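The opening position of the sequence shown corresponds to residue 741 in the working numbering, with each subsequent residue numbered one higher.
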Amino acid sequence: TYDYIVVGAGTAGNVIAARLAENGANDVLVLEAGVSNEGVLAAQVPFMGPTLTPNTPYDWNYTVTPQTHLNGRTFPFPRGRILGGSSSVNYLVHQYGSSADYDRLARITGDPGWAWRNLRRYIDRHEKFVPPADGHNTNGQYIPSLHSTRGILPKSLPGFSHGIDARVIATTQELSAEFPFNPDTGGGDVLGLGWVQSSIGDGTRSSSATTYLNSVINRRNVDVLVNAYVTKLVRTGTVGGKPSFRGVQFANGPQSPTTNVFARKEVILSAGAFGTPQILQLSGIGDRAELTTKSITTIVNNPSVGKNMSDHVLLPNNWRVQGTESLDNLLRDPVAFGAALDQWQTSKTGVLSNGVTNHLGFFRLPNNSPIFATTPDPASGPTASHWEMIVSNFWINPAVPQPATGSYLTLISALISPTSRGTLKLASNNPFQAPLIDPNFLATDFDRYAMRESVRAVKRFAGANAWSDYVIEPVGDLAAQTDEAIDAYVRSISTTVFHPVGTASMSPRNAAWGVVDPELRLKGAEGVRIVDASVWPFVPNAHTQGPVYLVAERAASIIRGY
Ligand code: FAD
741 TYDYIVVGAG TAGNVIAARL AENGANDVLV LEAGVSNEGV LAAQVPFMGP
791 TLTPNTPYDW NYTVTPQTHL NGRTFPFPRG RILGGSSSVN YLVHQYGSSA
841 DYDRLARITG DPGWAWRNLR RYIDRHEKFV PPADGHNTNG QYIPSLHSTR
891 GILPKSLPGF SHGIDARVIA TTQELSAEFP FNPDTGGGDV LGLGWVQSSI
941 GDGTRSSSAT TYLNSVINRR NVDVLVNAYV TKLVRTGTVG GKPSFRGVQF
991 ANGPQSPTTN VFARKEVILS AGAFGTPQIL QLSGIGDRAE LTTKSITTIV
1041 NNPSVGKNMS DHVLLPNNWR VQGTESLDNL LRDPVAFGAA LDQWQTSKTG
1091 VLSNGVTNHL GFFRLPNNSP IFATTPDPAS GPTASHWEMI VSNFWINPAV
1141 PQPATGSYLT LISALISPTS RGTLKLASNN PFQAPLIDPN FLATDFDRYA
1191 MRESVRAVKR FAGANAWSDY VIEPVGDLAA QTDEAIDAYV RSISTTVFHP
1241 VGTASMSPRN AAWGVVDPEL RLKGAEGVRI VDASVWPFVP NAHTQGPVYL
1291 VAERAASIIR GY
């Protein structure tokens, strides 16, 4: 028996484990289905992050159900299965989103504690801004007063400069009305394009495992089990008329015996936007009609479990470019890559000390866009965005392998304020069978409209004078001009930015929908809280690790009462 059991040593789970254990008053058990992150080189070298997924031992290796609005295509949907969870395998972009996201969260839940003016305080204990790997002068690349140097997780500006960086900045001047410069992409103001901030310190990935978990792992009041696959929550009785679930069942694998462990205080579910609703449903907490078809006895009938999934749609737009400044040859040439790895191992510098982008930006559709005649603006507020652009100095396209020759520029466009909602359902009552993941991408007119206009916008960006002696031509159907042709292009290669949320959504205490209350307690039950990406009711204006870290820091303060 422990005071607290944390299910999932991922991004949020490790924050909870560390904060509950740090004062020595609580004993904490952490159960993680994946392996240790120790010695996993690609989880340390920032630029190698993308090699950790899909189809590896560090990934859950999920595939989405055929996507109705993407020509019936399926594609991988990576999730980290390793200490640190997705923070150990992600692409390291680190930001919090728009202040409007938090203010909207406060409005939706009726809890002003989720508003930006309160949540931003947790940045202080979370992040530790450090110099970039190349030690360059970062003046004008971020606003130091918005950040902290006292927190636990090292983060930094890009540690390697690219030939295209100057062209990107020049475009923000040349086309300043449409693509203004954002002096800080990791503050609460997301609009405009600026320098990326990443969960990197000393040229090395910062995950929740290398930071939060490592800060407590040698304490006697913390036990961490890897290869511990949680199969369900165990009912331990009835408290105040509600079923309590202070037990957790886990196994090392499908053929192994199960073990039950119990919490004196609480079980914290932090298994992520897919793992958490899967475990809830396996425990009899979900939509009775669906659970019955899987021969699971319903204990808490809550149709919101596994619904309301929202995610950012990713569209990789590629151009063929001049010269050899792009990183395409590095990726094709094992000798060059080996030299870069030697440099990283010797000095933690060079191209591999950096992530996959140096610049990103968030943008709004024009206020007079015809779509707003039929769809209310779904952005979090007037200072929040509809779409994002990510600039990469090489070929990125999950749907199309890197060509054997040539140099490329990728301007990813991503849908940031989707109105489509997806689902996470069980395939069967076998806990080891992958769940059915349906993000239901681009199901609405708004989502298709925003993607189409994002394609036109990134083409205007690449058409600036700043690129005229560099960009040669768009690749494939990116050349499309008509609405119909652009829509067909979007359908043919869009995929996920890996930011699913909402499958165990927060809602006001007495709402008829939602899975947890504003203090993250599981509704209709006792003894369980949920702390991970699944509690965000809508996907924020950010790569989601930052918003997950802030939610987890506040959750820890709610649980501990500080
Ligand atoms: P996770 O961090 O995924 O943690 C869930 C944990 O629970 C995992 O360790 C998992 O193994 C464990 N678990 C699940 N089920 C069970 C079970 N049954 N039993 C035991 N353990 C279980 N965000 C950014 O901000 N920037 C980026 O650049 C970025 N890039 C990304 C790239 C990829 C490939 C991926 C996958 C994600 C990326 N994200 C990025 C998203 C971001 O990493 C996630 O939103 C965030 O880490 C989610 O945190 P979480 O705590 O909800 O879940």
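Cβ atoms here follow ideal geometry from the backbone N, Cα and C, with glycine treated the same way.
Only a predicted model underlies this, so the values are computations on that prediction, with no experimental measurement involved.
CB of residue i to nearest heavy atom of ligand 3: below 8 Å?
i, result
"tryptophan 1127", "In terms of ligand content, the structure shown lacks ligand 3 and carries ligand 1 instead."
Is the distance from the Cβ of residue i to the Cβ of residue j below 9 Å?
i, j, result
"arginine 959", "alanine 761", "yes"
"glycine 1078", "glycine 825", "no"
"valine 1061", "isoleucine 1212", "yes"
"serine 1247", "threonine 849", "yes"
"glycine 932", "phenylalanine 1201", "no"
"isoleucine 940", "asparagine 1098", "no"
"lysine 895", "glutamate 867", "yes"
"glycine 774", "valine 966", "yes"
"glycine 934", "threonine 944", "no"
"tyrosine 798", "valine 829", "yes"
"serine 1194", "serine 1160", "no"
"valine 1241", "valine 1256", "no"
"isoleucine 904", "asparagine 1133", "yes"
"leucine 792", "alanine 782", "yes"
Could you name the residues of the same chain whose beta carbon sits closer than 7 Å to that of residue i, not counting the 5 residues immediately before and after it, in chain order?
i, result
"glycine 1046", "Pro1017, Gln1021, Gly1026, Thr1163, Leu1164, Lys1165 and Thr1243"
"threonine 1064", "Ser1147"
"arginine 907", "Ala1206, Trp1207 and Tyr1210"
"leucine 1054", "Ile1152, Ala1154, Ser1234, Thr1235, Thr1236 and Val1237"
"threonine 978", "Ser984"
"serine 776", "Leu823 and Val966"
"valine 1198", "Asn1057, Met1129, Leu1151 and Ser1153"
Helix, strand or coil: which one does DSSP assign to residue i?
i, result
"glycine 1078", "helix"
"tyrosine 742", "strand"
"aspartate 963", "strand"
"proline 1287", "helix"
"arginine 819", "coil"
"proline 1110", "helix"
"glycine 941", "strand"
"phenylalanine 1102", "strand"
"threonine 998", "strand"
"leucine 953", "helix"
"arginine 975", "coil"
"proline 1277", "coil"
"aspartate 799", "strand"
"tryptophan 1253", "coil"
"arginine 890", "coil"
"lysine 982", "strand"
"lysine 1199", "helix"
"aspartate 864", "helix"
"threonine 1184", "coil"
Got a sec? Which residues, its chain only, sit under 6 Å from residue i by beta carbon, not counting five neighbours each side?
i, result
"asparagine 1041", "Arg1028"
"threonine 814", "Thr803, Val804 and Pro806"
"serine 1023", "Lys972 and Leu973"
"lysine 982", "Ala1265 and Glu1266"
"glutamine 1142", "Trp1135"
"valine 962", "Ala761, Val768 and Val956"
"glycine 713", "Any property of residue 713 remains undetermined from this structure, which presents the chain solely from 741 to 1302."
"isoleucine 1036", "Gly1024 and Asn1169"
Run through the DSSP bridge pairs and tell me what residue i is partnered with.
i, result
"tyrosine 1148", "Arg1060"
"lysine 895", "Phe869"
"glutamate 1006", "Tyr744"
"isoleucine 1025", "Val1040"
"serine 1132", "Thr1150"
"tyrosine 969", "Ala991"
"valine 1091", "Looking at the DSSP assignment, valine 1091 forms no beta bridge with any residue, so it has no partner."
Quick check on this structure: which residue in the options has the alpha carbon closest to the alpha carbon of residue i?
i, options, result
"glutamate 1293", "Thr1089, Asp743, Gly753 and Asp1223", "Gly753"
"leucine 1070", "Arg857, Thr1145, Leu1100 and Pro997", "Thr1145"
"asparagine 858", "Tyr842, Arg865, Asn801 and Phe919", "Tyr842"
"tyrosine 952", "Ala873, Trp1135, Leu823 and Asp1068", "Leu823"
"lysine 1263", "Ser901, Asp1272, Ala1273 and Ala1251", "Ala1251"
"asparagine 954", "Val1279, Leu893 and Thr878", "Leu893"
"glycine 927", "Phe1112, Pro1287 and Asn763", "Pro1287"
"glycine 891", "Arg1188, Ile1177, Leu1290 and Tyr1302", "Leu1290"
"methionine 1191", "Gln1173, Ile1177, Gln995 and Ala1225", "Ala1225"
"glycine 748", "Ser1132, Tyr969 and Ala1183", "Tyr969"
"serine 1050", "Ser1297, His1283, Ser827 and Asn811", "His1283"
"serine 1010", "Gly880, Arg1269, Gln881 and Gly1121", "Arg1269"
"aspartate 1227", "Arg1196, His1239, Gly1203 and Trp856", "Arg1196"
"glutamine 995", "Leu886, Phe1172, Ile1019 and Thr911", "Phe1172"
Between which residues of its own chain and residue i is the CB-CB distance below 8 Å, once the five residues before and five after are set aside?
i, result
"serine 1125", "Ser838, Val930, Leu931, Phe1102, Phe1103, Arg1104, Ala1119, Ile1156, Ser1157 and Asn1281"
"aspartate 1185", "Ile1111, Thr1114 and Thr1115"
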